[in-house]
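Going line by line, the protein sequences match chains A and B. Just so you know, we're using full-length UniProt numbering here: the first sequence kicks off at 1 and counts up by one. Just so you know, we're using full-length UniProt numbering here: the second sequence kicks off at 1 and counts up by one.
There are 2 protein chains.
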Amino acid sequence: MATLSDVARRAGVSPATASRVINGSSKPVTDELRERVLAAVAELQYVPNAHAQLLARSHRSAVGVIVHDVSDPYFAEITRGLQRVATDQGRLLMICNSYRDPDRELEYVELLRGHQVAALILAGSGYHDEAFTRQLNEKLAAYEATGGRVAVIGRHEHSGDAVMPDNRAGGYLAGRELCGLGHRAIGVIAGPRILTTTTDRLAGLRQALTEQGRELPERRIRYAEFDRDGGAEATARLLDADPELTAIVALNDSMAIGALATLRTTGLAVPQQVSVLGFDDMPIARDVTPALTTVRLPLVHMGVRAMSLVLGPGAAAPRVEVLPAELIRRDTAGPVPRSTRATAGSAPRARRGDTTS
Amino acid sequence: MATLSDVARRAGVSPATASRVINGSSKPVTDELRERVLAAVAELQYVPNAHAQLLARSHRSAVGVIVHDVSDPYFAEITRGLQRVATDQGRLLMICNSYRDPDRELEYVELLRGHQVAALILAGSGYHDEAFTRQLNEKLAAYEATGGRVAVIGRHEHSGDAVMPDNRAGGYLAGRELCGLGHRAIGVIAGPRILTTTTDRLAGLRQALTEQGRELPERRIRYAEFDRDGGAEATARLLDADPELTAIVALNDSMAIGALATLRTTGLAVPQQVSVLGFDDMPIARDVTPALTTVRLPLVHMGVRAMSLVLGPGAAAPRVEVLPAELIRRDTAGPVPRSTRATAGSAPRARRGDTTS
DNA sequence: TACCGCAGAGAAAGCCCTTTCCCGCAGGGA
DNA sequence: TCCCTGCGGGAAAGGGCTTTCTCTGCGGTA
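The following block contains the structure:
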């Protein structure tokens with residue numbers, strides 16, 4: 001690889017001058033030398049060594065991002081928002097997929113710190129895991145102590161700036177909607193228990209049901225992976241145990257899509273026999289059939305806000321921005337069927353006693 | 001930020017020793033000093049400066065990847081394959097989204113070169129653009145001249161190693177399938193004309209139709225963005241001009257999903273009135289309703305192969321691996337309807353003279 | 001006892017840039 | 001004419017790390 005001194009030598013100038021031409025320094029250089037340098041660059045196909053540059057100008061310009069998986073639409077949307085603001089400000093993003101592995105998350109914080117990022121954004125659910133949370137906070141604190149900026153999206157464990165989708169309110173919206181439609185036998189397919197996103201959404205849902213005199217017993221909840229296959233499988237388990245269910249709340253849209261797949265296989269009509277509610281409103285939600293009724297989160301905006309916080313002026317006190325959830329009514333949620341559903345595989349069971357307000 | 005010399009000073013050793021402990025060098029260090037260094041690292045929350053490291057050991061370990069958009073399922077799958085091999089070999093991936101902007105692609109080649117990547121993988125369609133192709137090849141050649149390895153996925157313009165999905169054969173499969181089902185009035189919603197992927201798939205499709213004595217006139221092709229909305233819009237235009245169409249081939253699954261959306265809005269039943277074929281077999285294809293009949297490409301495997309080529313031993317001659325396409329029959333393609341469709345909005349028109357073999 | 005070899009540690013030379021500091025020179029004002 | 005100013009350019013000092021080379025001191029062999 002050609003180096004800067006190669007270029008300088010070839011152009012018959014000092015490395016300093018070559019550097020100034022190449023970087024468009026404010027220091028003036030005569031046109032003649034400039035030409036010579038540019039010519040040498042072209043001839044040698046010179047590309048500056050990014051590591052050397054980054055080391056020399058200890059500049060801190062890139063921003064580190066840790067998500068679960070960029071190709072998951074939830075994070076893809078958030079990332080779109082992050083990217084938009086970053087690009088506007090001429091920042092490079094370094095995006096890491098933790099695949100929801102806490103250890104990997106910790107490693108990536110170190111890695112990004114090592115890469116001298118100007119700021120760090122963690123997106124995605126927090127964990128109910130004290131030891132991990134403490135470790136993470138220590139690392140983040142150490143990073144902030146050296147001037148790094150940190151913001152989190154959707155996790156409350158961190159003491160600094162945060163952008164929070166209102167998961168709890170979203171769960172509440174879902175619950176209220178189903179109650180309004182007359183459902184009582186409501187099942188939930190949930191993501192991993194250890195995720196705060198799961199428990200927050202569940203808490204809101206439960207609150208809505210409780211307010212309406214319904215309840216949400218643990219036996220009507222199935223925990224699985226937060227993806228399509230997890231949703232499909234959890235739905236199967238749920239229906240197996242509780243054939244009289246008239247509604248299923250999926251704690252994200254991917255699971256909801258899995259649920260629709262299982263229901264189709266089972267031959268249960270949506271929403272005539274079973275209603276389905278999703279969560280997140282990923283782009284694909286409107287394209288499944290029937291189109292998914294879901295709780296929308298302003299994903300792109302969440303990204304925009306987080307990046308703005310982190311690149312904008314700091315604040316004395318940590319800022320928490322809560323962004324509202326919104327119910328999007330499409331075609332998968334309908335009124336509770338008039339009669340008890342005739343279940344195909346298993347014998348119809350007597351309704352278990354739901355309490356009434 | 002604490003530096004290595006800070007650590008060394010605190011531990012009462014030389015920077016050399018500290019470095020050896022931290023990096024697990026093969027050079028032996030007494031346990032006592034090791035302990036002291038490790039303690040200092042922990043106390044100072046020391047993280048090595050990645051740029052300095054990368055500069056000092058001019059090692060070239062990371063691999064650069066340029067895709068259209070990682071969050072596009074097509075590339076997400078490919079990337080999964082790339083990642084798998086890279087992780088196995090302890091390589092870091094730097095992934096850049098070109099968003100199908102040739103200039104950005106060129107910039108990213110430079111950027112990644114500047115970051116001293118050991119290899120470069122370009123995934124995604126090539127362009128029918130000689131000037132661009134020449135420029136890109138020059139840049140790649142310059143990179144290879146300095147020992148860099150290059151592989152491309154799905155583009156023939158490059159002279160080096162390549163992994164090629166058989167787009168043409170895939171188009172052929174789609175055409176043959178529709179002919180077998182009796183379709184004659186076949187429309188195509190295609191990606192941008194400038195992409196070789198578009199023209200390759202189209203060529204295969206046209207070949208199949210021609211062999212069966214059908215034809216594919218330009219008026220039955222609509223070019224649009226290679227995404228959902230492009231597909232929806234192109235479908236609308238196509239149906240508007242040609243209400244008697246009985247089948248639509250989408251040149252990728254995203255467009256196919258857009259087509260399904262438009263057909264649903266229009267009130268045309270799939271596949272009873274109109275058949276739809278996709279291309280790629282993205283994960284979501286099986287979850288739309290009806291499930292999408294499509295041409296499968298071994299996306300993950302393509303990624304695996306490309307990364308293997310690029311990290312494995314070099315070859316004297318450039319290697320081209322062509323990976324086969326496969327037709328996946330699901331529920332969107334059916335036999336041609338018996339009678340001419342009763343079109344809702346526009347008056348039924350006389351069939352234009354399709355030639356018969 | 002004298003010498004060789006080796007283990008373990010440090011000194012210092014890069015890695016490739018950027019940027020400050022300094023120098024020479026030309027032009028303009030006194 | 002002299003001095004000051006300012007412009008254009010180069011020398012050199014980092015930036016933080018790795019790694020080679022060198023040095024010291026010890027145990028073992030002749």
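Positions of the beta carbon are idealized from the N, C-alpha and C atoms, including for glycine.
Spatial neighbours of residue 67 of chain A within its chain, please: C-beta separation below 6 Å, excluding the five flanking residues on both sides. Within the first sequence, residue 67 of chain A is the residue found at index 67, counting from 1. Excluding positions up to five away in sequence, the list reads 75, 123 and 124.
Residues in its own chain within less than 6 Å of residue 185 of chain B by CB, not counting five upstream and five downstream? Your numbering for residue 185 of chain B matches position 185 in the second sequence. The residues are 244, 245 and 246.
My output table needs one value for residue 1 of chain A: the three-state DSSP class, helix, strand or coil. By one-based count along the first sequence, residue 1 of chain A stands at place 1. Three-state DSSP puts residue 1 of chain A in coil, outside helix and strand.
Quick one: grab the DSSP three-state call for residue 359 of chain B. In the structure as shown, chain B starts at 1 and stops at 357, and residue 359 of chain B therefore has no counterpart that could be examined.
Kindly provide the ranges of any beta strand (DSSP E) runs that are 3 or more residues long and lie completely inside the region 267 to 319 of chain B, ordered along the chain. 275 to 280 and 293 to 296
Which class does residue 103 of chain A belong to by DSSP, given the choice of helix, strand or coil? Here residue 103 of chain A corresponds to residue number 103 of the first sequence, with the count starting at 1. Residue 103 of chain A falls in the helix class under three-state DSSP.
Looking at chain B, is there any beta carbon in it that lies within less than 9 Å of the beta carbon of residue 1 of chain A? The residue you call residue 1 of chain A lines up with position 1 of the first sequence. True, the Cβ-Cβ gap to chain B drops below 9 Å.
Sequence-distant residues of the same chain with beta carbon closer than 8 Å to residue 193 of chain A, five excluded per side: Your numbering for residue 193 of chain A matches position 193 in the first sequence. Taken in chain order, the residues that qualify are 128, 199 and 223.
Please compile the residues from chain A whose C-beta is within a distance smaller than 8 Å of the C-beta of residue 49 of chain B. Your numbering for residue 49 of chain B matches position 49 in the second sequence. Within 8 Å Cβ-Cβ: 55, 114 and 116.
For residue 96 of chain A and residue 144 of chain A, I'd like the C-alpha separation in whole angstroms. Numbered from its first residue, the first sequence carries residue 96 of chain A at position 96. Numbered from its first residue, the first sequence carries residue 144 of chain A at position 144. C-alpha separation (whole angstroms): 19 Å.
So what does DSSP say about residue 230 of chain B, is it helix, strand or coil? For the purposes of this step, residue 230 of chain B is taken as residue 230 along the second sequence, with counting starting at 1. Three-state result, residue 230 of chain B: helix.
Neighbour-count burial assignment, residue 146 of chain A, 16 or more Cβ in a 10 Å radius: Here the question's residue 146 of chain A lines up with position 146 in the first sequence. The residue in question, residue 146 of chain A, is exposed, as its Cβ has fewer than 16 Cβ neighbours within 10 Å.
Counting contacts by CB-CB distance shorter than 9 Å, is residue 288 of chain B in contact with chain A? Mapped onto the second sequence, residue 288 of chain B falls at position 288. Yes, residue 288 of chain B lies at the interface with chain A (some Cβ there is under 9 Å from its Cβ).
For a test of the three-state rule: what should DSSP assign to residue 161 of chain B, helix, strand or coil? The residue given as residue 161 of chain B occupies position 161 in the second sequence. If DSSP states are grouped into helix, strand and coil, residue 161 of chain B belongs with the strands.
Per-residue burial, residue 103 of chain B [other beta carbons within 10 Å of its own, 16 or more giving buried]: Residue numbering aside, residue 103 of chain B sits at position 103 when the second sequence is read from its first letter. By the neighbour-count definition (other C-beta atoms within 10 Å, threshold 16), residue 103 of chain B is an exposed residue.
Of the residues A/158, A/52, A/139 and A/133, the one placed nearest residue 431 of chain B, counting alpha carbons only: No statement about residue 431 of chain B is possible, as the shown extent of chain B runs from 1 to 357 and does not include it.
Residue 310 of chain A: which of A/271, A/94, A/25 and A/148 sits nearest, CA to CA? Start at 1 with the first residue of the first sequence, and residue 310 of chain A comes out as number 310. Among A/271, A/94, A/25 and A/148, the Cα nearest to that of residue 310 of chain A is on A/148.
Can you pull the chain A neighbours of residue 110 of chain B, defined as C-beta to C-beta under 7 Å? Looking up residue 110 of chain B in the second sequence gives position 110. Simply 47.
The beta strand (DSSP E) with residue 64 of chain B in it runs from where to where? Position 64 of the second sequence, counting from 1, holds the residue named residue 64 of chain B. For residue 64 of chain B, the enclosing beta strand (DSSP E) has its first and last residue at 63 to 67.
Is the beta carbon of residue 323 of chain A closer than 9 Å to that of residue 164 of chain A? Numbered from 1 along the first sequence, position 164 holds the residue referred to as residue 164 of chain A. Numbered from 1 along the first sequence, position 323 holds the residue referred to as residue 323 of chain A. Yes, they are a contact pair.
Beta-carbon of residue 10 of chain A versus every beta-carbon of chain B: anything under 9 Å? Your numbering for residue 10 of chain A matches position 10 in the first sequence. It does not: the Cβ of residue 10 of chain A has no partner Cβ on chain B nearer than 9 Å.
My guess is that residue 191 of chain B and residue 226 of chain B are in contact by the Cβ rule of under 8 Å, so how many angstroms apart are they, rounded? By 1-based counting over the second sequence, the position of residue 191 of chain B is 191. By 1-based counting over the second sequence, the position of residue 226 of chain B is 226. Residue 191 of chain B to residue 226 of chain B, Cβ: 4 Å. Contact.
Below-9 Å beta-carbon distance, residue 260 of chain B vs any chain A residue: Working through the second sequence from its first residue, we reach residue 260 of chain B at position 260. True, the Cβ-Cβ gap to chain A drops below 9 Å.
Answer with buried or exposed for residue 232 of chain B, where buried requires no fewer than 16 other C-beta atoms within 10 angstroms of its C-beta. Walking along the second sequence from the start, residue 232 of chain B turns up at place 232. When all chains shown are included, residue 232 of chain B counts as buried.
What residue range does the alpha helix (DSSP H) around residue 167 of chain B cover? As a working mapping, residue 167 of chain B is identified with position 167 in the second sequence. Counting along the chain, the alpha helix (DSSP H) containing residue 167 of chain B begins and ends at 167 to 180.
Residue interval of the beta strand (DSSP E) (run including residue 149 of chain B): Residue 149 of chain B sits at position 149 when you count from the first residue of the second sequence. Segment 149 to 153, the beta strand (DSSP E) holding residue 149 of chain B.
Short CB-CB distance (under 9 Å) between residue 27 of chain B and chain A: Translated into the one-based positions of the second sequence, residue 27 of chain B becomes position 27. Cβ-Cβ to chain A under 9 Å: no for residue 27 of chain B.
Which two residues bound the contiguous alpha helix (DSSP H) that contains residue 364 of chain A? Since the first and last residues shown for chain A are 1 and 357, residue 364 of chain A lies out of range.
Which residue comes first and which comes last in the alpha helix (DSSP H) that contains residue 245 of chain A? Along the first sequence, read from residue 1 onward, the residue named residue 245 of chain A stands at position 245. Residue 245 of chain A: not part of any alpha helix (DSSP H); DSSP gives it neither H nor E.
What does residue 7 of chain B touch in chain A if you count any residue whose Cβ is under 7 Å from its own? Taking the second sequence and counting its residues from 1, one reaches residue 7 of chain B at position 7. In chain order: nothing, as chain A lies at least about 14 Å away.
Measuring only between beta-carbons, confirm whether residue 243 of chain A sits less than 9 Å from chain B. Taking the first residue of the first sequence as position 1, residue 243 of chain A is located at position 243. No, its Cβ sits nowhere closer than 9 Å to a Cβ of chain B.
Using the rule of at least 16 other Cβ atoms within 10 Å of the residue's Cβ for burial, across every protein chain shown, is residue 158 of chain B buried or exposed? Here residue 158 of chain B is taken as the residue at index 158 of the second sequence, counted from 1. Buried, since its Cβ has 16 or more Cβ neighbours within 10 Å.
Residues in the same chain with beta-carbon distance under 8 Å from residue 87 of chain B, minus the five sequence neighbours each way, listed in chain order, please. Here residue 87 of chain B refers to the residue found at position 87 when the second sequence is read from its first residue. So no residue of the chain qualifies.
Enumerate in chain order the residues of its own chain whose CB-to-CB distance from residue 325 of chain A is below 8 Å, with the five nearest sequence positions on each side excluded. Taking the first sequence and counting its residues from 1, the one referred to as residue 325 of chain A is at position 325. Hits under 8 Å: 165, 166, 167, 169, 170, 173, 295, 296 and 297.
Cβ of residue 265 of chain A within 9 Å of Cβ of residue 277 of chain A? If you number the first sequence from 1, residue 265 of chain A lands on position 265. If you number the first sequence from 1, residue 277 of chain A lands on position 277. Cβ distance not < 9 Å, so residue 265 of chain A and residue 277 of chain A don't count as in contact.
Note down, in chain order, each residue of its chain lying with its Cβ closer than 6 Å to the Cβ of residue 116 of chain A, except the 5 sequence neighbours on either side. Here residue 116 of chain A refers to the residue found at position 116 of the first sequence. Within the same chain, 60 come within 6 Å of residue 116 of chain A by CB-CB distance, once the 5 residues on both sides are set aside.
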